[in-house]
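Enquirer: In order, the protein sequences belong to chains A and F. Going by my numbering, the first sequence opens with residue 1, and the numbers climb by one from there. Going by my numbering, the second sequence opens with residue 117, and the numbers climb by one from there.
There are 2 protein chains.
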Amino acid sequence: MVSFLEDSPRSLRCFLRQRDDCPGGAISTELCQAVQDSHMWVLLITPNFLEDEWCTYVMHQALAEGPMSNRIIPLAQNLSLSQYPKELKSLIFIDLNRNPDIRGYNRLNQTVLHCK
Amino acid sequence: MVSFLEDSPRSLRCFLRQRDDCPGGAISTELCQAVQDSHMWVLLITPNFLEDEWCTYVMHQALAEGPMSNRIIPLAQNLSLSQYPKELKSLIFIDLNRNPDIRGYNRLNQTVLHCK
Chain A
1 MVSFLEDSPR SLRCFLRQRD DCPGGAISTE LCQAVQDSHM WVLLITPNFL EDEWCTYVMH
61 QALAEGPMSN RIIPLAQNLS LSQYPKELKS LIFIDLNRNP DIRGYNRLNQ TVLHCK
Chain F
117 MVSFLEDSPR SLRCFLRQRD DCPGGAISTE LCQAVQDSHM WVLLITPNFL EDEWCTYVMH
177 QALAEGPMSN RIIPLAQNLS LSQYPKELKS LIFIDLNRNP DIRGYNRLNQ TVLHCK
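1. Which one or two residues does DSSP pair with L75 (chain A) in a beta bridge?
2. Using the beta-carbon count (16 or more within 10 Å), is I124 (chain A) buried or exposed?
3. If you count every other CB in all the chains shown that lies within 10 Å of the CB of E203 (chain F), and 16 or more means buried, which is it?
4. Taking the straight line between their C-alpha atoms, what separation do you get for E65 (chain A) and I27 (chain A)?
5. By Cβ distance below 8 angstroms, which residues in the same chain neighbour H39 (chain A) in space, the five residues on each side in sequence not counted?
6. Output yes if chain A places a C-beta closer than 8 angstroms to the C-beta of C154 (chain F); else output no.
7. Using the Cα positions of C32 (chain A) and D101 (chain A), report the straight-line distance between them to the nearest angstrom.
8. Can you find a C-beta in chain A that's less than 8 angstroms from the C-beta of P183 (chain F)?
9. K205 (chain F) by DSSP, collapsed to three states: which one?
10. According to DSSP, is C32 (chain A) part of a helix, a strand, or is it coil?
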């Protein structure tokens, strides 16, 4: 997904934790700074996302930063309705199982461009 | 605050750095052990806390231990909103200026008991 967004002609700049954070910095500070510095917050919610406390931490930080800012774009993949986070229930999400691969990513790209 | 929590009938056991750490031990090891051994992590955030690197170190260690564990209870005292650490923005905190002394401490005690 990140490659799709970053490749030409889309050429969006993404922050990806393991790739873009600064070794030696405090994890929480790095993530918060990334949330603050980002125009949009894309949450790719999978069963792994829900089990990773740093992923849910970022979700909550993004919500605390702007719960109704239109900057949060949730994507769901391989998730049952009951697993979907109740905190995001009021936001429209992109279901990657119904919009597989390029179709879902294109929708994401359009949304980001539209909100710029 | 520590006296209030430790006195009867509350009788909670607290770890207080200057009182409870082991002389001769490495500071970071002592603090990390205390974080690992504690049921809850109470962060009394004041301007002094923000200036003390060991205090912010403990905050980051607690976050790394369980960012969404519900074990972190931030308290703020004499702090403007802009001074409040961004890393804790998504967690509900007790404002000791709005809940002075016993009222704030009682809220803290109730929270600790509730989370046991």
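Glycine included, each C-beta is placed from N, C-alpha and C at the ideal position.
Expert: Per the coordinate set shown:
1. A:L44, A:I94
2. This structure leaves residue 124 (chain A) out entirely; chain A is present only between 1 and 116.
3. buried
4. 18 angstroms
5. R71, V112, C115, K116
6. As written in the sequence, residue 154 (chain F) is Ser, which differs from the Cys given in the question. Chain A, which has no Cβ nearer than 8 angstroms to the Cβ of S154 (chain F), makes this no.
7. 28 angstroms
8. yes
9. coil
10. helix
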